[in-house]
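Scroll down for the structure; my scribbles are underneath it.
See the structure below:
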């Protein structure tokens, strides 16, 4: 680990000395604010602080996390939308705020790529399909069969309307052609409580904390929602392997700047972001929330945002998910 | 004997010089921020969370726990001194605690709340260490129907809390629940009564409402009083609780501790009810229930102990299941994640030093609070001797900083002002703010659990009767209501002749 | 319920029953809430809609208000106490001034503004004492909250010159 870090430091130094040759020679000359549209203490906040801390060491300025919570992330997101496009105000955006909210909240009038400059993807968070330990279904096919036997009777918990756990389950219902009852909770903790208490049949949760319940024998994982199996629970198949064709649900996380931010600045921040994402210690820290790093260019991020917006929009339309 | 070796491990972790220092700093800083009027534990922890990031996981969590206890105690202090509760629990403390302060016994109220909290903390630590595991599974059986029934019982406590007209108390409870429904609907995401304001989309913040209708409204009322409105009227009694007061408080403290410990370990935020339950119980058991609301020491001692015991046992679901039962614990989960710990049942087996270190530090934190706060009692009481014409601008400045800092949003300050005026008018009309606040706090829990219970039972109301726990709770609630409605009607007549 | 004779503090010579005012206020609040929640779906017992609780509670507030109102005609109750305006106006004005200035100009201006405007509420106010106290409080708070605890509250913002 030590050696790794040194190598990483050297690499970082090399890249950073090469970078000033470009036009944005002066950027950054003061602190960069990274806005988290949620209160301190949540998964978003944790990711922002881990990334911000690492980027501070690479980019040559302090990356300061600022929490601007409110209205499911809309308040903080809009504050960045309206900020000066100079690269000193960045947003931690994810599928919830960028891909789902515009379809769900009338107040979320922004477009992820038209009103923002994508800077770079950070990671994606696949989820796990976890069932109550007493549920007879042993695999995904069994769960689908059970749901078809009793339409509308199986219930799933989500951490709220329009959250990843809600969308992943609706996508499952849509793709598998089943009818299930949605029971929303305030956050993933209370949702898990009722699953463990046996009052809820299943839920989609982030992998590490679900894994913790599974290893303690309090719940069972039937599948993971990514396209690849998770290193945390390698014995659990992906949804596609488990008979739900084409199913993929992972939340993408990335850094965004207001629209109109100069390319040089974006390139520079993107470079710094990719450097920190290559650091194994950082990867380990991100893994606590089930994050799988996805380094890439701003264009990659832009494409991912567009397809995310399209994907969830189509689901919300097709499945006629009742919101508002 | 496993328990003893585990506790030994915990204490050896928590007693390291670094961790003792962190616990001390946490308690001290938590107290200082928490004492800002209207700033309760949640706001304090969110404000101070970043300072723990540079520390190792065990140290960071010990410090956070210290901040939590400190903030809790600090919140009680401002509730007693200036009648501004920072969280639901200190609403009860404000009732009789501030009444005691007005009688010149602020020191006794602060002292008994420190002592009560300490005793509760000691007992709760032992409960957590010895019973956390077996009780976890029991607590998991509590479902939405049971929580709904429990919260309905909480509403009955709100009637007991009021000492005026029962009808007016009921009106205030309904108004409180009504206010709690403002904001995004949990099940549909629909904006309810927000008038398109994004600021209202998350609902009204407890601190904003409480500071407005409790604290600021009190300031407005005091301003009328001419020369008489200095907080402490007449002579001061002895600084700390007298021997007789301590003797009268022992039983309430122990009962409060028991209630708090049981309610706190429910993963669905049962702790919020603890102080109200204790107040109700003490008022029913008291020889002179008519003193409640006018500065009865039992009404400070019991609820404070219940509050602290509940605060502490609410760590049980977090530590044994990785599930946060309330907003404070949710922040703890975030802090654990930043430290690289996945919260869950495995924490106890995989990181025993963390698990037992935290438990041991709870006791140490409570001891430190006692040590930090008892000497400060004198200072706080002297603060009340500042003439009111200077004291109230100071209260306003501190409160506005506190409210602004919760979300760095000046709109919150404006809302507080609006609630202050509304609260002042309500008092003029003979309403009491306490039942409104309790209705507000329980509103969310009642509505969400009712809707969840109905979804799960497919709309069968009989689910409440089929479920033994909810059935018993509902029967007790009805009984309590009947018991309270009658004497409070009588008490009102009495009061009419006693006062004025 | 209450057969207490009216206290001295009537509103001038007109005697308003406290319960009558309270009842009317509750009815007004109830009507307003019913209107504000009228666009929300009530739902059924199985699928309780977002509107059920607000409407139910608003109705209950209205019912309690009506009972109070009726009672006020049947029995003589306490009189509505006088509501002085000086205190609320000054205090609320101070709070508003604070809210308007804290983010744009900073705490160093907002706090003394609040202290001075609110301080006017008190008839025993002495200018020198109040100004001195406001300055003392402001400096003390800056030291404790900004320097000591580094809360993110702006202290003084003069565009182009100071931003602290």
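Chains as they are written, first to last, in my numbering: chain A, 20 to 343; chain B, 17 to 516; chain C, 26 to 189.
Glycine residues also receive a C-beta, built at the ideal position from the N, C-alpha and C atoms.
Taking CB atoms only, residue 354 of chain B has a neighbour in chain A less than 8 angstroms away. Annotation: residue 251 of chain A to residue 230 of chain A spans about 8 angstroms, alpha carbon to alpha carbon.
Closest in C-alpha terms to residue 47 of chain B, from the list C:174, C:125, C:118, C:134, comes C:174. C-alpha of residue 156 of chain A to C-alpha of residue 149 of chain B: approximately 28 angstroms in a straight line. Boundaries of the alpha helix (DSSP H) harbouring residue 388 of chain B: 368–399, taken from the DSSP string. Judged by beta-carbon spacing, residue 145 of chain A lies within the 8 angstroms limit of residue 309 of chain A, meaning their Cβ atoms are closer than that value. The alpha-carbon separation between residue 166 of chain B and residue 285 of chain B amounts to approximately 11 angstroms.
Within the same chain, Cβ atoms closer than 6 angstroms to the Cβ of residue 393 of chain B are found at 123, 126, 127, the five residues on either side in sequence being excluded. Distance from the CA atom of residue 31 of chain B to the CA atom of residue 112 of chain A, rounded to whole angstroms, is 42 angstroms. Distances from the CA of residue 199 of chain A to each of A:190, A:232, A:206, A:205 were compared; the closest alpha carbon is that of A:190.
Under the Cβ distance rule, residue 282 of chain A does not count among the residues neighbouring chain B, no pair being separated by less than 8 angstroms. For residue 86 of chain C, at least one C-beta of chain B is nearer than 8 angstroms to its own C-beta. Residue 152 of chain C counts as exposed, since fewer than 16 other beta carbons sit within 10 angstroms of its beta carbon. Taking all protein chains shown into account, residue 395 of chain B has fewer than 16 neighbouring C-beta atoms within 10 Å of its C-beta and is therefore exposed.
At a cut-off of 8 angstroms between beta carbons, residue 449 of chain B makes no contact with chain C. Burial is judged here by how many other beta carbons sit within 10 angstroms of a residue's own beta carbon; residue 51 of chain A has at least 16 and is buried. The residue among A:237, A:286, A:143 with its C-alpha nearest the C-alpha of residue 215 of chain A is A:237.
CA-CA distance, residue 125 of chain A to residue 207 of chain B, rounds to 9 angstroms.
Counting only unbroken stretches of 3 or more residues, no beta strand (DSSP E) element lies wholly within the region 303–328 of chain A. Put simply, the region 264–284 of chain B touches the region 329–338 of chain B. At least three CB pairs are less than 8 angstroms apart. Around the Cβ of residue 466 of chain B, a 10 Å sphere holds 16 or more other Cβ atoms; the residue is buried. Just measuring C-alpha positions, the residue of C:125, C:171, C:164 sitting nearest residue 425 of chain B is C:125. Cα atoms of residue 160 of chain A and residue 261 of chain A: separation of roughly 7 angstroms, rounded to the nearest angstrom. With a cut-off of 8 angstroms on Cβ pairs, the region 107–118 of chain C is not in contact with the region 56–73 of chain C, counting fewer than three such pairs. From the beta-carbon of residue 201 of chain B, the residues of chain C found nearer than 7 angstroms are 75. Using a C-beta cut-off of 8 angstroms, the region 133–144 of chain C makes contact with the region 155–174 of chain C, since at least three inter-stretch Cβ pairs fall below that distance. Excluding five sequence positions before and after residue 224 of chain B, the CB atoms of its chain that fall closer than 7 angstroms to its own CB belong to 419, 428, 431, 432, 435, given in chain order. In terms of beta-carbon proximity, residue 211 of chain A lines the interface with chain B, with at least one pair separated by less than 8 angstroms. Scanning chain A for C-beta atoms nearer than 9 angstroms to the C-beta of residue 102 of chain B yields nothing, as the closest lies near 17 angstroms away. A Cβ-Cβ separation of about 6 angstroms places residue 117 of chain B in contact with residue 96 of chain B under the 8 angstroms criterion. Around the C-beta of residue 354 of chain B, 16 or more other C-beta atoms lie within 10 Å, and the residue is accordingly described as buried.
From the listed residues B:181, B:26, B:173, the smallest Cα separation to residue 493 of chain B is found for B:173. Considering only B:56, B:120, B:70, the residue with the shortest C-alpha distance to residue 93 of chain B is B:56.
Between residue 55 of chain A and residue 64 of chain A, the gap from beta carbon to beta carbon is short of 8 angstroms. Note on residue 247 of chain A: under 16 other CB atoms within 10 angstroms of its CB, so exposed under the neighbour-count rule. At least one beta carbon of chain C lies nearer than 8 angstroms to the beta carbon of residue 409 of chain B.
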